[in-house]
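Chemist: Counting from 1 along the sequence shown, just add 206 to a position and that's the residue number in the numbering used here.
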Amino acid sequence: MNDKYQINDICGEIRHKVGREIVNDDLVYSSELGDLRKDQSKISKDDCEVDESSLQLLLRRLTSGKGRTVIEIKGLPTNKEWCKGLAKELKKKIGVGGSYKNDFIEIHGENYEQVAKFLELKKIFFKKIGG
């Protein structure tokens, strides 16, 4: 039996059990390619490039209730790959942990001046806010 017919039979059973029509019988997810429903034409080359000289990041020191210090970098561009790369490079250069999440980079520890120096060397403009 052809695979396409097997898939159509399975989709027919699912339609019957769920009680609603499946709009598209095509493959929607692949373990190699991810979500195939995303429209790749919406991603433009302008979104992939970041002009570092036009950025204005906000750098601030935060302490949580347990007394641990975290350096937070806000004002990042929408390009997640660039932001993840910057976070990785920053963590590796300073030798600390941290992460990129919720549109900001979080660096663990008392490394305020080292983070500022790193951004200066990359010629990324930043503003220190808070303590």
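Ideal Cβ placement from N, Cα and C applies to all residues, glycine included.
Looking only at its own chain, which residues have a Cβ that is under 7 Å from the Cβ of R243, when we skip the five neighbours before and after it?
Modeler: Hits under 7 Å: V234.
Chemist: What's the C-alpha gap between E312 and Y306?
Modeler: Looking at the two C-alpha atoms, the distance is approximately 6 Å.
Chemist: Considering just the uninterrupted stretch of the alpha helix (DSSP H) at G291, what are its terminal residues?
Modeler: First-last of the alpha helix (DSSP H) with G291: K286 to I300.
Chemist: Select from V302, Q320, K294 and T284 the residue whose C-alpha is nearest the C-alpha of L261.
Modeler: Answer by Cα proximity: T284.
Chemist: Between L282 and K333, is the Cβ-Cβ spacing less than 8 Å?
Modeler: Result no, Cβ atoms of L282 and K333 do not sit closer than 8 Å.
Chemist: Rounding to the nearest angstrom, what Cα-Cα distance links V302 and G315 in this structure?
Modeler: Each residue's Cα considered, the two are about 7 Å apart.
Chemist: Relative to the C-alpha of F331, which candidate in K297, R267, A293 and I279 has its C-alpha closest?
Modeler: Minimum Cα distance to F331 is reached at I279.
Chemist: Might you give, ordered along the chain, the residues of its own chain that have their beta carbon closer than 6 Å to the beta carbon of E326, omitting 5 neighbours on each side?
Modeler: Here the set comprises nothing.
Chemist: Among residues of its own chain, excluding the 5 on either side of R267, which ones have a beta-carbon nearer than 7 Å to its beta-carbon?
Modeler: Closer than 7 Å at the Cβ level, and outside the excluded window around R267, lie T275, I277, Y318, G336 and G337.
Chemist: Applying the criterion that 16 or more other CB atoms from any shown protein chain within 10 Å of the CB defines a buried residue, is G240 buried or exposed?
Modeler: So G240 ends up on the exposed side.
Chemist: According to the neighbour-count rule (16 or more other Cβ atoms, all chains shown, within 10 Å of its Cβ), is G291 buried or exposed?
Modeler: Per the 10 Å Cβ criterion, exposed.
Chemist: May I have the straight-line CA-CA distance separating F310 from A293, to the nearest angstrom?
Modeler: Rounded to the nearest angstrom, the two C-alpha atoms are 9 Å apart.
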